[in-house]
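Structure first, then comments.
Structure below.
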């Protein structure tokens with residue numbers, strides 16, 4: 001699936017169209033936030049007009065439209081920058097998600113939004129990067145809500161072949177960001193992985209993505225702390241970090257989704273997290289009564305190698321036996337599985353969407 005055109009929106013107005021969207025020696029990084037393309041910045045500024053007109057490209061057809069061409073079906077999420085509404089583009093009868101950005105966002109928030117938009121605009125060639133929060137195709141649910149329903153309501157677990165497809169899509173998306181855009185995501189977690197009934201699995205939310213300078217990122221406080229790698233929260237490490245910090249976050253995510261619970265106990269303070277993650281042993285996935293294959297266990301535990309220099313980068317992960325198996329297995333029907341679970345959610349009166357979007 002190709003990602004649909006993503007437009008930022010505020011007060012119902014939509015901006016102009018955009019297509020959707022080696023560890024080297026460290027060098028000094030400029031203290032300012034990552035540079036954002038002028039095109040993306042211009043597009044965000046356009047969305048502050050109530051009467052803004054624009055173009056929307058859907059399934060190869062470009063439409064001229066204004067906010068009057070959208071039918072609002074209600075709010076499906078809310079975050080620090082505004083709300084996300086499910087809407088229908090009347091001319092094409094296409095359901096989309098529109099992130100309605102507050103006009104009062106401060107400078108830091110605006111830069112994060114620009115970063116989000118910029119990455120989505122540049123990633124139109126990657127099938128595994130999607131984002132329904134700015135304004136693009138509407139995915140059906142997020143992985144966090146999906147897996148919690150399976151464990152808590154159905155008393156079941158996600159089959160390993162499905163976990164393989166989730167891991168494959170996420171690694172491919174992260175590798176694309178790194179190789180093509182020189183971007184590190186920095187916020188890999190279940191709520192930022194989206195699923196739909198067509199079997200698509202996409203990575204979203206690029207608001208705090210960071211640009212890499214000679215493969216190194218510096219900012220320490222970007223991201224969701226529970227999923228951060230040891231080198232990102234250790235105050236003693238000032239040299240920066242690379243994409244392997246996202247590999248750690250992927251390992252935590254897969255372990256959580258596979259077992260139905262977060263790998264660490266609840267921390268009462270940042271100090272507790274620092275002590276356990278930096279100074280304690282890393283989480284380890286076990287066979288769990290032969291529930292998991294040796295390949296999956298090894299993949300997750302490899303992602304959770306505590307020593308950053310021993311943790312693999314994406315090129316190695318893509319050659320891992322577990323990922324190769326997921327790549328070659330054409331009989332795994334993600335669409336059928338997601339559809340079955342989504343139908344169960346609907347039958348239980350559970351909303352398909354998260355309600356606390358960041």
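Numbering (full-length UniProt numbering), first residue to last: 1 to 358.
Beta carbons are placed, not taken as given, at the ideal position from N, Cα and C, and that holds for glycine.
Being a predicted model, the structure only gives us computed values, none of them experimental.
What residues in its chain sit with their C-beta under 7 angstroms from that of residue i, if we drop five residues either side in the sequence?
| i | result |
| --- | --- |
| residue 74 | 85 and 86 |
| residue 230 | 277, 278 and 306 |
| residue 343 | none |
| residue 312 | 247 and 302 |
| residue 359 | This structure cannot settle anything about residue 359, because the visible part of the chain is limited to 1 through 358. |
| residue 293 | 160 |
| residue 350 | 149 |
| residue 71 | 87, 88 and 90 |
| residue 268 | none |
Between the options, which has its C-alpha nearest residue i's C-alpha?
| i | options | result |
| --- | --- | --- |
| residue 359 | 231, 199, 271 and 327 | With the chain represented from 1 up to 358, any question about residue 359 goes unanswered, as that position is not in the structure. |
| residue 323 | 178, 98, 172 and 345 | 172 |
| residue 94 | 60, 272 and 83 | 60 |
| residue 273 | 257, 288, 319 and 225 | 225 |
| residue 300 | 146, 98, 71 and 163 | 163 |
| residue 148 | 190, 302, 99 and 66 | 190 |
| residue 252 | 156, 175 and 187 | 187 |
| residue 175 | 160, 244 and 67 | 244 |
| residue 227 | 182, 254 and 347 | 254 |
| residue 288 | 66, 304 and 259 | 259 |
| residue 205 | 275, 170 and 72 | 170 |
| residue 232 | 268, 184 and 256 | 184 |
| residue 167 | 346, 318 and 151 | 318 |
| residue 182 | 242, 156, 146 and 350 | 242 |
| residue 345 | 203, 271 and 146 | 146 |
| residue 165 | 350, 329 and 351 | 329 |
| residue 283 | 275, 295, 268 and 304 | 304 |
| residue 271 | 290, 234 and 256 | 234 |
| residue 201 | 290, 179, 137 and 71 | 137 |
| residue 178 | 291, 314 and 256 | 314 |
| residue 151 | 203, 267, 269 and 256 | 256 |
| residue 291 | 280, 65, 316 and 157 | 157 |
Short of 8 angstroms in beta carbon distance, which residues of its chain neighbour residue i, apart from the five on each side in sequence? Order them along the chain.
| i | result |
| --- | --- |
| residue 63 | 55, 56, 57, 69, 89, 91 and 92 |
| residue 104 | Bear in mind that the predicted position of residue 104 carries a pLDDT of just 48, short of 50, making it too unreliable to give a figure here. |
| residue 297 | 285, 286 and 287 |
| residue 326 | 161, 164, 165, 167, 168 and 332 |
Specify the secondary structure class of residue i as computed by DSSP and reduced to three states.
| i | result |
| --- | --- |
| residue 383 | With the chain covering only 1 through 358, there is no way to say anything about residue 383. |
| residue 203 | strand |
| residue 342 | helix |
| residue 94 | strand |
| residue 2 | Any reading at residue 2 must be qualified, since the residue scores a pLDDT of 31, below 50, and its modelled position is unreliable; the value itself is stated next. Correct three-state label for residue 2: coil. |
| residue 305 | coil |
| residue 350 | coil |
| residue 89 | strand |
| residue 333 | coil |
| residue 241 | strand |
| residue 316 | helix |
| residue 67 | helix |
| residue 323 | helix |
| residue 73 | strand |
| residue 310 | helix |
| residue 56 | strand |
| residue 21 | Unreliable positioning characterises residue 21 in this predicted model, as indicated by a pLDDT of 35, which lies under 50. The coordinate reading is nonetheless provided below. Three-state result, residue 21: coil. |
If you measure from the CB of residue i, is any heavy atom of the ligand SAH nearer than 7 angstroms?
| i | result |
| --- | --- |
| residue 193 | This structure simply doesn't include the ligand SAH, nor any ligand for that matter. |
Got a sec? Which residues, its chain only, sit under 6 angstroms from residue i by beta carbon, not counting five neighbours each side?
| i | result |
| --- | --- |
| residue 338 | 195 and 197 |
| residue 320 | 299 |
| residue 180 | none |
Per the contact definition of three or more C-beta pairs closer than 8 angstroms, is the stretch 296-308 in contact with the stretch 245-254?
-> yes
Quick check: the stretch 324-336 against the stretch 251-270, are there 3 or more CB pairs under 8 angstroms?
-> no
Between the stretch 138-155 and the stretch 182-195, do at least 3 Cβ pairs fall closer than 8 angstroms?
-> yes
Mind pulling the alpha helix (DSSP H) runs of 4 or more residues that sit fully within the stretch 165-192?
-> none
Within the stretch 230-288, note down every full alpha helix (DSSP H) run reaching 4 residues or more, in order along the chain.
-> 230-233, 244-259 and 270-273
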